[in-house]
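What follows is a single structure, written as structure tokens, with notes after it.
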Amino acid sequence: MPQRLIVLISGRGSNLAALVQAAREQGWPAEVVSVISNRPQAAGLEWARAHGLPTQVVDHQAYADRSEFDDALLQACEAHQPDVVVLAGFMRVLGDTFVRCYEGRLINIHPSLLPSFTGLHTHRRALQAGVKVAGATVHYVTPTLDHGPVIAQGVVPVQQDDTEEALAERVLQAEHQLLPLAVGWHVRGELQLEAGVVRHRHGAPQALFFH
Ligand code: GAR
């Protein structure tokens with residue numbers, strides 16, 4: 001039985017596209033059963049529809065508070081009985097109930113080398129801090145925002161005259177390789193989690209370096 005994947009998005013959906021393309025090209029034992037967005041206008045929804053994927057909207061603005069939104073999102077997800085839930089540019093903080101329901105099978109991509117630069121405006125803050133490398137992290141989600149066992153990290157150089165936009169674009173290109181790699185490992189059962197540390201069973205490198 002293929003694993004049932006839900007992808008949660010909020011915007012453009014370029015990571016969703018990278019994921020779906022890899023899954024199809026590599027013949028993953030997985031199918032995307034729903035793409036769910038908290039924003040009705042998310043461009044990623046259009047992409048999903050155009051590529052034959054079922055979509056849904058759970059608009060956070062339609063709910064009185066975060067916990068009501070969380071309940072609605074959880075219900076929408078549970079209706080599909082997912083094996084894996086991937087946050088691919090999903091810009092809402094998820095509550096404990098949601099996170100605990102999918103513990104160990106809830107995967108997020110964040111555009112920084114965690115644990116540095118959790119939260120928003122990661123590239124601006126990286127430039128302000130004067131770091132010389134930046135990147136992205138794919139990790140299992142735990143109730144603490146942008147924390148949780150790291151599956152893979154992609155490292156890109158920060159260039160001397162970088163702008164926030166240029167750095168974001170360089171990191172995004174890395175994300176498009178990193179997310180499919182990490183989720184592919186998960187759905188093929190190639191990862192093991194022990195004492196909060198994720199290891200690839202066959203020793204595949206979990207750090208990618210980009211220039
Ligand atoms: C990506 O850079 C992703 O890492 C980031 O949003 C962007 C979504 O782009 N996610 C977060 O910041 C989550 N904290 P996309 O919609 O084109 O995939």
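Okay, so the sequence shown: first residue is 1 according to the working numbering, each after it adds one. Beta carbons are placed, not taken as given, at the ideal position from N, Cα and C, and that holds for glycine. Since the model is a prediction, treat every value here as computed from it, not as a measurement.
Tell me whether residue i counts as near the ligand GAR, meaning its Cβ is closer than 6 Å to at least one heavy atom of that ligand.
{"i": "G11", "result": "yes"}
{"i": "S14", "result": "yes"}
{"i": "P180", "result": "no"}
{"i": "P115", "result": "no"}
{"i": "H139", "result": "no"}
{"i": "I151", "result": "no"}
{"i": "P111", "result": "yes"}
{"i": "A88", "result": "yes"}
Have a look at residue i and residue j and give me their C-alpha separation to the nearest angstrom.
{"i": "P180", "j": "G27", "result": "12 Å"}
{"i": "A195", "j": "H139", "result": "14 Å"}
{"i": "S117", "j": "A126", "result": "Note that residue 117 is Phe in the sequence shown, not Ser. Their backbone Cα atoms lie some 7 Å apart in a straight line."}
{"i": "Q61", "j": "C101", "result": "23 Å"}
{"i": "Q160", "j": "A76", "result": "45 Å"}
{"i": "F69", "j": "D59", "result": "8 Å"}
{"i": "D71", "j": "H211", "result": "42 Å"}
{"i": "Q153", "j": "L172", "result": "12 Å"}
{"i": "V57", "j": "S37", "result": "5 Å"}
{"i": "A43", "j": "I9", "result": "10 Å"}
Buried or exposed for residue i, going by 16 or more other Cβ atoms inside 10 Å?
{"i": "V197", "result": "exposed"}
{"i": "Q128", "result": "exposed"}
{"i": "P54", "result": "exposed"}
{"i": "H123", "result": "buried"}
{"i": "V133", "result": "exposed"}
{"i": "V85", "result": "buried"}
Discussion item. To test your reading of the DSSP string, which unbroken beta strand (DSSP E) runs of 3 or more residues are found completely within the region 117-200?
Written reply: Counting only runs of 3 or more, we get 133-140, 150-157, 191-194, 197-200.
Item to complete: Return the chain-ordered ranges of every alpha helix (DSSP H) run that is complete within the region 30-58 and spans a minimum of 4 residues.
Response: 43-50
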